[in-house]
Amino acid sequence: MKRLSSVEKSKRLAAYTAVDKHILPEHKYIGIGSGSTVPYVVERIVSQGHNLNKTRVFIPTGFQSKELIVKAGLRLGDVDQYPTLDVTIDGADEVDAGLNCIKGGGACHLREKVLAEAAITWVVVADYRKNSKVLGTTYKVGVPVEVAPFAYAKLLENLHTLGSPTAQLRMATHKAGPIVTDNGNFVIDAPFPVEYMREPLELLTRIKMLTGVVEVGLFCHMARAAYFGNEDESVTVRWNDGKVQQVARVPDTPAYELNGMNLNGNGNGNGNLNGSAIAEED
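Every position in the sequence shown, counted from 1, becomes a number in my numbering once 3 is added.
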């Protein structure tokens, strides 16, 4: 087995813990997000077994997650077929104390937000580096803004005026020209001062009102919980009601298997995490 770095281990722990808690036997329509933590989400889902997964449909947020679903042998669906999902698990570039997120480093934030809104429960998984008090603390690139290509020059000026003088079009690294999203749009990265980032919902609203903006990579008041894998192999879980839990031990295998139907936890999205050792914080 490939030896994982400390960061990769923390991603895997966060993903495994979130899947064990939120992907339950009764869940049939599941959104799969994007990012470097999501492969571990799919890995843990697969480990729940074929008997559970054969009745499920998995909806991707982009090309990466589509490939993960197909290669894992899971049933692929689309949000236009399944507009209401039981749960979506996704990564994030940064998460603040109120569970507001910056997303869009992978240029998938339009589809990610659609699947987040389509889900009854939206959960974020990440490593400890993404856990912040204020957005923009660790993710310095800026707020990702997906824009109609013909409007990008106007929108750059709009964003400069709005408070992001260094906003710039995101350029591709392995081709000449800008990044093009799965939807055929461009992405502008717009860094804002900390006083703007302290009020992400207000900033989201102001950017979204600009004509030509397709979607903004600020996800505000959407997450049920955020799971952060830590360097000491524990997992910090922050809930949308302000509670914080520390999971000291993550099981090597899922807490239930269809063959034995050994279910731990009450499946209501709160309470103990599948029998793992937990401490609550104020």
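Backbone N, C-alpha and C define an ideal beta-carbon position, used for all residues, glycine too.
Next item on the list: Flag this pair as yes or no: are the beta carbons of V41 and S13 separated by less than 8 Å?
Entry: Position 38 of the sequence shown, counted from the start, is the residue given in the question as residue 41. Position 10 of the sequence shown, counted from the start, is the residue given in the question as residue 13. Taking 8 Å as the Cβ cut-off, V41 and S13 do not qualify as a contacting pair.
Next item on the list: Determine the direct distance from the alpha carbon of E236 to that of R59, and round the result to whole angstroms.
Entry: Locating residue 59 in the sequence shown gives position 56, where the first residue counts as 1. Locating residue 236 in the sequence shown gives position 233, where the first residue counts as 1. One C-alpha to the other measures close to 30 Å.
Notebook entry, point to check: What does DSSP give as the partner residues of T20 in its beta bridges?
Noted result: Stepping through the sequence shown from its first residue, residue 20 is reached at position 17. Within the DSSP secondary-structure output, T20 pairs in no beta bridge.
Checklist line | Rounded Cβ spacing between V190 and R173 (contact assumed at less than 8 Å) | finding: Here the question's residue 190 lines up with position 187 in the sequence shown. Here the question's residue 173 lines up with position 170 in the sequence shown. Cβ atoms of V190 and R173 come within 8 Å of each other, at about 4 Å.
Notebook entry, point to check: At what residues does the beta strand (DSSP E) containing R241 begin and finish?
Noted result: Within the sequence shown, the letter at position 238 stands for residue 241. 238-242 is the extent of the beta strand (DSSP E) around R241.
Check: Under a Cβ-count criterion, where at least 16 other Cβ atoms within 10 Å of its own Cβ denotes burial, should G245 be classed as buried or exposed?
Finding: One-based indexing of the sequence shown puts residue 245 at position 242. Classification of G245: exposed, given that the 10 Å Cβ count is below 16.
Check: For V128 versus A21, is the C-beta spacing smaller than 8 Å?
Finding: Along the sequence shown, one-based indexing puts residue 128 at 125. Along the sequence shown, one-based indexing puts residue 21 at 18. Their beta carbons are under 8 Å apart, which means V128 touches A21 by this criterion.
Check: When we look at the beta-carbon of I92 and count the other beta-carbons within 10 Å, is it buried (16 or more) or exposed?
Finding: Numbered from 1 along the sequence shown, position 89 holds the residue referred to as residue 92. Looking at its Cβ environment, which holds 16 or more other Cβ atoms inside 10 Å, I92 is buried.
Note to self: On a Cα-Cα basis, can you pick out the residue from L7, N186, E234, V10 that is closest to E218?
What the structure shows: In the sequence shown, counting from the first residue as 1, residue 218 sits at position 215. If we check each option's Cα against that of E218, N186 comes out closest.
Note to self: According to DSSP, D192 sits in a beta bridge with which residue or residues?
What the structure shows: Translated into positions along the sequence shown, residue 192 becomes position 189. DSSP lists P147, Q171 as partners of D192.
Next item on the list: Decide if the segment 125-142 is in contact with the segment 154-174; the criterion is three or more beta carbon pairs, one per stretch, under 8 Å apart.
Entry: In short, these stretches do not touch, since the Cβ pair count stays below three.
Check: When the Cα atoms are used, what is the spatial distance from D39 to V98?
Finding: Numbered from 1 along the sequence shown, position 36 holds the residue referred to as residue 39. Numbered from 1 along the sequence shown, position 95 holds the residue referred to as residue 98. The question names Asp, but residue 39 in the sequence shown is Ser. If I take the Cα positions, the gap works out to 15 Å.
Margin query: Tell me the DSSP secondary structure of L261 in three-state form.
Written below: The count along the sequence shown starts at 1 and reaches residue 261 at position 258. Summary for L261: the model assigns pLDDT 42, below 50, so the residue's position carries little reliability, and this model does not support an answer.
Check: When you compare only the Cα positions, how much space is there between V82 and G139?
Finding: Taking the sequence shown and counting its residues from 1, one reaches residue 82 at position 79. Taking the sequence shown and counting its residues from 1, one reaches residue 139 at position 136. Taking the straight line joining both Cα atoms gives about 30 Å.
Margin query: Counting C-beta neighbours from all protein chains within 10 Å, is the total for L27 16 or more, i.e. buried, or is it exposed?
Written below: Here residue 27 refers to the residue found at position 24 of the sequence shown. Buried is the call here.
Notebook entry, point to check: From V3 to K106, what distance separates their C-alpha atoms?
Noted result: What the structure shows of the chain is the stretch from 4 to 285, and residue 3 is not part of that stretch, so it cannot be assessed.
Next item on the list: Specify the secondary structure class of I210 as computed by DSSP and reduced to three states.
Entry: Position 207 of the sequence shown holds residue 210. Of the three classes helix, strand and coil, the one that applies to I210 here is helix, per DSSP.
Next item on the list: Would you identify the three-state DSSP class for N56, choosing helix, strand or coil?
Entry: Along the sequence shown, one-based indexing puts residue 56 at 53. In the structure shown, N56 sits in a helix (DSSP, three-state: H, G or I).
Item checked: Segment limits, alpha helix (DSSP H) that includes Q84 -> One-based indexing of the sequence shown puts residue 84 at position 81. Note, Q84: premise wrong, no alpha helix (DSSP H); not H, not E.
Item checked: Whole-angstrom distance between V144 and P194, CA atom to CA atom -> Within the sequence shown, residue 194 is the residue found at index 191, counting from 1. Within the sequence shown, residue 144 is the residue found at index 141, counting from 1. Those two C-alpha atoms are separated by around 6 Å.
Check: Mind checking whether E3 and L113 have CB atoms under 8 Å apart?
Finding: For the chain, the structure presents residues 4 to 285; residue 3 sits outside this window and is missing.
Item checked: Contact belief for Y43 with A18 at Cβ below 8 Å, rounded distance in angstroms -> To locate residue 43, count along the sequence shown from 1; it is residue 40. To locate residue 18, count along the sequence shown from 1; it is residue 15. Confirmed, about 4 Å.
Next item on the list: Take F66 as the anchor and find which of V183, H163, K136, Y199 has the nearest alpha-carbon.
Entry: Here residue 66 is taken as the residue at index 63 of the sequence shown, counted from 1. Nearest C-alpha to F66: V183.
Checklist line | Pick from A95, E202, H224, V90 that is closest to C111, judged by C-alpha positions | finding: Locating residue 111 in the sequence shown gives position 108, where the first residue counts as 1. The shortest C-alpha separation from C111 is found at A95.
Note to self: Shorter than 7 Å, the distance from the beta carbon of F231 to the closest heavy atom of the ligand MN, or not?
What the structure shows: As presented, the structure is devoid of all ligands, the ligand MN included, so that no description of it is given.
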